[in-house]
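Just so we're on the same page, the working numbering is the position in the sequence shown counted from 1, plus 10. Note that CB positions come from ideal geometry on N, CA and C, so glycine has one too. A quick note: this is a predicted structure, and the numbers were derived from the prediction, not measured. As structure tokens, the structure follows; a few thoughts come after it.
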Amino acid sequence: MARQSGSGPGRPLSRRQLLAALGGATVTVGGLGAVSLPTAHGAQIDASPPAVSDAPPADSILPTIADKAAELLYDPARIFRYVADTVHYEPYSGVLRGAKGTLWAQAGNAADKALLLAALFDEALVTYRFTVGSLDDTTANKLSGSLPGQSAADAETRLAQVLFATNGRTSDTKPSAAQRQQFEALPAQGRSILDRGRTEVTFHASLIQHALTEHGVSLPAAAGGIPALERTHHVWLQVADGPAWVDYDPTLAGSAVGTALTAARQTLDQLPPEMQHRLTVRIDAEVVTGGVPARTTLATQEARAADLVGVPVTILNARPESFKALGVTISGLLEGTRQYIPYVVIGETALPGTMFGFHTDTGGNAALSGASGGLEGETTAEWLVIDVTSPDGTTRTIERAIFDRVGYARRASEQSVDMAKLPPVTLAADPATGSEDYLPARTMMALSIASGGTPLAAFESGQSMADAMVALGVAPLGWQVLRDILAVDARDVAGQRFILDAPNIVAFVIEPAQAGTAATVRLSLDILHRSLMAAHPGTSAGIDPRIVAGVLAAVAERMTVTGAGTGPSAATPPASSAPPMLPNVLDLFEAADRQRIPIVLTSSAAPADLAAGGHGAEAVARIKAAVATGALVVVPERAIAVNGASYTGWWQIDPATGATIDVFQNGRGPEMTEEAVVDEAEIQNGEVWRRLGCQMIAFAAAQVLLAFFGTYWVTGSGKGGGVAAAALGLGKAADIYKQETSPNTKGSDLCRSVG
């Protein structure tokens, strides 16, 4: 972690302290003392970066550097052979995965393989230094030719090596007889899902490719070979042998000690920061200042992508009153207001930001109104903003509204926010405490950052699955598992094997809302950043592989949310008091195909008449903003009617890179709706996870995994026995399902049977 900024409750809390304050866990909190919570204009909090713990719990079965070094007997020769021959080479730029991520993915570029070798040498007490040089064309071509082939057996074996990797210990969670019966019934259903997934990938990728071709648009050829930074900054180690330094270059399988792919240009104790993929996570808000709404940053956290492998990240707003249970005193709270403290929770540390709030009565309004009549200090919107910076210096910014009282369309059409038109803050009663809350501010986002393949044992992390900030941060990895399996199963669509070449960021968004007199929770899976590169861009099955990569992500996203179903029509009907599940982009294009609605391409060169097609103001504003940046948008000519309402979704293509993403009219991904009692304990603790873990991860992933690899891996008869059961939440989490007592907790039949 590099830095933190903002104003808030004195110093960072631990994740468990924050959970205790929110009612989400029963823990012993000691040594906290009285901490002053300053107002929004208080002093800066301690700027020292928090430590991100890389050590798994004692009972974890995840692969670790320490366990791997012990398995290799701390022998430098064995360690070198393992990294060189077992860990595959993949070409991408800079340090992305780090030692742990490279161990988990069983693959990395030269820099990440060198970091893994260095970490293992640290365990073996070997003295080394990093060495950097440049590759000539002949050597770069040799590296390109070393990439694994496209055979089905090779692809499936590589995937199994990643998914079923452990540290050699056995999970204490074993499938019961009843669970085994469930497992054995799932493969046929899973095979159906995979077959449908392949059909969906083919349909949507072909549709996008046809739309581009029909309008005479050709994407530039995908870059092949070794990236420029990988050529100019080839990294390996040199090991001390008396006064001499011996080359240990593990990039290529079969490499010999004492040789390197190029001559040394520079030696270093550590790799330079500019070689790292980096993430900056911000919480921004629009707050009335001097009578004028102005955007401000409430909190900022920076991190290296390699440090966030397997580390859950959670974004939430906490009510200051919650901290009274910890003996924390609060200063600066004002009558007639509802105030919140934003938190970025990274691993074990909860990092506070600047307090913000709303005026909730006329007394507060009168006290704080500015001369212009605006409500001084009033918050009109809050956003999560993530900057993903690559080692080549390019930055991509992703923004999601946590809440926005103005709305995207109005912001796009108006030069400034008219406070007179600002909707009032409507508070909902908390049935557990009787206090009132602004529900949109209680939106919680659980992020998962992946840079390579992830073992299924990450789901069985050894940490309490009742801890929502851990459980929900792990849960989005289910999408990655489904995407990776689908990418192998549907590899003939693009004729490609895909490589993660930048951080892939996925969020579960838990959004409490009011539906009449009942409280509901909208649960959405939102892919914030995706990046896949084709390992062999010269081969093609007629569809650009970058289009296929984008469609794979969307299909896996829908699988994760709907499980065995497809789209809102196949989802379990929600209770009458809950709003219906929204469709997603795949649903809309499939409906357009059934209804024979033409598909159009809009760009800055050929803008489509979107308003004539009945597309809503939010969708039109987002499409116009995308087109203004040069993006290509493939969209149905007319809005699509689903359950009596009209919706718009589109495919957005970057004409420079070919990157393809699906975008829904609200800017988010597929969602489901559940009835739930919205109170402090049930929104912030494991209650939501107990349902999400089974419905959104276990069901779909269990079916697909068992169909792809067979019951051998999960019923105890193979070396992966017990691992997948734990990984899918069908083992340890089943103990939690047994404790469900809420009448609003419905769950699926599978959840009940395994619990």
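Check, Outcome
"Straight-line CA distance for His220 to Leu457?", "34 Å"
"Using the Cβ count rule (16 or more neighbours within 10 Å means buried), how would you classify Asn119?", "buried"
"Taking its Cβ as the centre, do 16 or more other Cβ atoms sit within 10 Å of Ala266, making it buried, or is it exposed?", "exposed"
"Given this structure, state the Cα-to-Cα distance separating Tyr258 from Leu126, to the nearest angstrom.", "12 Å"
"Verify whether the separation of the beta carbon atoms of Leu519 and Arg678 is less than 8 Å.", "The sequence given here places Val at residue 519; Leu does not occur at that position. In contact: Val519 and Arg678 (Cβ atoms closer than 8 Å)."
"Within the same chain, show all residues whose beta-carbon is closer than 7 Å to that of Val62, passing over the 5 residues directly before and after it, in chain order.", "Model confidence at Val62 stands at a pLDDT of 49, short of 50, so the residue's coordinates are unreliable; what they give is reported in the following sentence. These residues qualify, in order along the chain: Met11, Asp317, Val321, Ile356 and Gly357."
"Whose CA, out of Gly668, Ala109, His214 and Leu239, lies closest to the CA of Ser541?", "Gly668"
"Distance, Cα to Cα, Ala270 vs Gln280?", "19 Å"
"Let's test the definition: count the other Cβ atoms within 10 Å of the Cβ of Ala250 and tell me whether it reaches 16, buried, or not, exposed.", "exposed"
"Which two residues bound the contiguous beta strand (DSSP E) that contains Thr290?", "Arg288 to Thr299"
"What's the call for Glu409, buried or exposed, on a 16-neighbour Cβ count within 10 Å?", "exposed"
"State the DSSP-derived secondary structure class of Phe368, mapped to helix, strand or coil.", "strand"
"Does DSSP classify Arg415 as helix, strand or coil?", "coil"
"Considering Cα atoms alone, identify which of Phe368, Ile218, Ala315 and Leu394 is closest to Val354.", "Leu394"
"Would you identify the three-state DSSP class for Leu23, choosing helix, strand or coil?", "strand"
"Please confirm whether any heavy atom of the ligand PLP lies closer than 7 Å to the CB of Ala233.", "Summarising the ligand content, the structure contains no ligands, and the ligand PLP is consequently not present."
"What's the call for Gly577, buried or exposed, on a 16-neighbour Cβ count within 10 Å?", "Unreliable placement is indicated for Gly577, whose pLDDT of 38 sits below 50; the coordinate value is still reported in the next sentence. The residue is buried, with at least 16 neighbouring Cβ atoms inside 10 Å."
"Nearest CA to the CA of Gly417: which residue from Arg632, Glu210 and Ala439?", "Arg632"
"Do Gly264 and Asp95 have their C-beta atoms within less than 8 Å of each other?", "yes"
"Using beta-carbon positions only, say whether Ala500 and Gly207 come within less than 8 Å of one another.", "yes"
"How many angstroms separate the CA atom of Thr436 from the CA atom of Thr310?", "29 Å"
"Does the beta carbon of Glu628 sit closer than 8 Å to a beta carbon anywhere in chain B?", "Absent from the structure is chain B; it holds one protein chain and no more."
"Assuming Thr359 and Pro617 make a contact with CB atoms under 8 Å, what is their CB distance in whole Å?", "About 47 Å; that fails the 8 Å criterion."
"Check whether the Cβ atoms of Leu496 and Ala545 lie closer than 8 Å to each other.", "no"
"Thinking just about the alpha-carbon of each residue, which of Ala627, Asp619 and Pro646 is nearest to the one in Arg604?", "Pro646"
"When you compare only the Cα positions, how much space is there between Pro593 and Val652?", "7 Å"
"Tell me which residue opens and which closes the alpha helix (DSSP H) that Ile89 is part of.", "Pro86 to Arg91"
"Please specify which runs of the alpha helix (DSSP H), each continuous and at least 4 residues long, are wholly inside the stretch 67 to 132, giving them in chain order.", "75 to 81, 86 to 91 and 108 to 115"
"Determine the closest residue to Ser216 out of Leu533, Ile557, Leu620 and Ala638, with distance taken between C-alpha atoms.", "Ile557"
"Determine whether the beta carbon atoms of Ser613 and Val637 lie at a separation below 8 Å.", "yes"
"Between Asp3 and Leu239, what straight-line distance do the alpha-carbon atoms span, to the nearest angstrom?", "Here the chain has residues from 11 to 765 only, and residue 3 is not among them."
"Between the C-alpha atoms of Ala134 and Asp85, what's the straight-line distance to the nearest angstrom?", "7 Å"
"Is the beta carbon of Pro547 sitting closer than 8 Å to the one on Ala233?", "yes"
"Which complete alpha helix (DSSP H) runs does the stretch 612 to 649 hold, if anything under 4 residues is left out?", "627 to 638"
"With H, G and I counted as helix, E and B as strand and the rest as coil, what does DSSP make of Ile203?", "helix"
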